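Engineer:
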Amino acid sequence: MNTELKDTPAQAHVHVLERRVEFEGPIFTIVNDAVRFAAGDQARRQYMVHNNAVAIVALREGIAGVPEILLIRQYRHPVQALLWEIPAGLCDHEGEAPLLAAQRELAEEAGLEASEWIPSVSYLSSPGCSTENLDIFIATGVSAVRQGAVGADFVRVEEEREIVAQWWPLAEVHQAVLRRDLRSPSLVLGVLAARDYLRDHPILSA
2 MNTELKDTPA QAHVHVLERR VEFEGPIFTI VNDAVRFAAG DQARRQYMVH NNAVAIVALR
62 EGIAGVPEIL LIRQYRHPVQ ALLWEIPAGL CDHEGEAPLL AAQRELAEEA GLEASEWIPS
122 VSYLSSPGCS TENLDIFIAT GVSAVRQGAV GADFVRVEEE REIVAQWWPL AEVHQAVLRR
182 DLRSPSLVLG VLAARDYLRD HPILSA
């Protein structure tokens, strides 16, 4: 038995008997696999092969040194709700590293850039049905994006045209998470990561 507290890749854990592509789109593909487990059981598993993604916890000092976090409000059609989230997006540019994707998304969604970027938590969005991995970065030293920088000239359309960006006290957002008033998974994990970060870095650049 492996006692290491770490997720373990296991591509050969099951034998794939058949693989069918049921749908193929620009962001995700639906795959239908017939698999056989080591004990001999057979089953079908359907899942999304999904682009990976990034999210950004942008932090600054507010009034009287109170830590603030940048949230954006965006309509999400599958749940038909306006959600407060942290800036996020897909790694959908060819060969784009997660950090570069995060820097681009902060510029595109909030018109901001940051002088310091710290890799934080990483999670599988829904491992029972999707391959998507999401990396969260903490960004400090936040300022308006410079003209000509990556993402500065991005033109928002559709849901993104309606984005509202607002700074909130981190403690207030944390309480809203605990009340179950905020449910975006990247926001929930990002708030926990931010609180942990601030225990070692109490001073932020405005």
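According to the numbering used here, the sequence shown holds residues 2 to 207 in order.
We put the beta carbon where it would ideally sit given N, CA and C, even for glycine.
From a predicted model like this one, the values you see are computed outputs, not experimental measurements.
Quick check on Glu95: does DSSP put it in helix, strand or coil?
Structural biologist: The answer is coil: DSSP assigns Glu95 none of H, G, I, E or B.
Engineer: What residue does the alpha helix (DSSP H) around Arg21 start on, and which one ends it?
Structural biologist: That residue, Arg21, is in no alpha helix (DSSP H); its beta strand (DSSP E) goes 15 to 25.
Engineer: Tell me, please, which residues DSSP counts as bridged to Asn33.
Structural biologist: Looking at the DSSP assignment, Asn33 forms a beta bridge with Arg21, Gln47.
Engineer: Taking only the alpha-carbon atoms, compute the straight-line gap between Arg157 and Leu183 and give it to the nearest angstrom.
Structural biologist: So the alpha carbons of these two residues sit roughly 24 Å apart.
Engineer: Using 10 angstroms around the beta-carbon of Gly129, count the other beta-carbons present and answer buried if the total reaches 16, otherwise exposed.
Structural biologist: Exposed, since its Cβ has fewer than 16 Cβ neighbours within 10 Å.
Engineer: Val178 to Val58, Cα distance in whole Å?
Structural biologist: Distance between the alpha carbons of Val178 and Val58: 15 Å.
Engineer: Name the one or two DSSP bridge partners that Asp136 has.
Structural biologist: According to DSSP, Asp136 bridges with Val55, Ser123.
Engineer: Give every residue of the same chain whose Cβ lies closer than 6 Å to the Cβ of Val15, excluding the five residues on either side of it in the sequence, and list them in chain order.
Structural biologist: The residues are Val36, Phe38.
Engineer: According to DSSP, simplified to helix, strand and coil, what is Glu161?
Structural biologist: In this structure, Glu161 counts as helix in the three-state DSSP scheme.
Engineer: Residues in the same chain with beta-carbon distance under 7 Å from Gln167, minus the five sequence neighbours each way, listed in chain order, please.
Structural biologist: Cβ neighbours of Gln167 beyond the five flanking positions: Leu72.
Engineer: Do Leu171 and Val192 come within 8 Å of each other at the CB atom, strictly closer than that value?
Structural biologist: Cβ distance < 8 Å, so Val192 and Leu171 count as in contact.
Engineer: Please classify Glu109 as buried or exposed, where buried requires at least 16 neighbouring CB atoms within 10 angstroms.
Structural biologist: By the 10 Å Cβ count, Glu109 comes out buried.
Engineer: Taking the alpha-carbon positions, what's the Glu5 to Ala13 distance?
Structural biologist: Between Glu5 and Ala13, the C-alpha separation is close to 19 Å.
Engineer: By how many angstroms is the C-alpha of Gly63 removed from the C-alpha of Ala111?
Structural biologist: Looking at the two C-alpha atoms, the distance is approximately 17 Å.
Engineer: Below 8 Å between beta carbons: does that hold for Glu140 and Ala115?
Structural biologist: Note on residue identity: the sequence assigns Ala, not Glu, to residue 140. Yes, Cβ-Cβ distance for Ala140 and Ala115 is below 8 Å.
Engineer: Leaving aside the five residues before and after Arg20 along the sequence, list all residues of the same chain whose C-beta is less than 7 Å from its C-beta, in chain order.
Structural biologist: Within the same chain, Arg20 has close Cβ partners Val32, Asp34.
Engineer: Would you list the one or two residues that DSSP bridges to Leu72?
Structural biologist: According to DSSP, which records beta bridges pairwise, Leu72 is partnered with Gln167.
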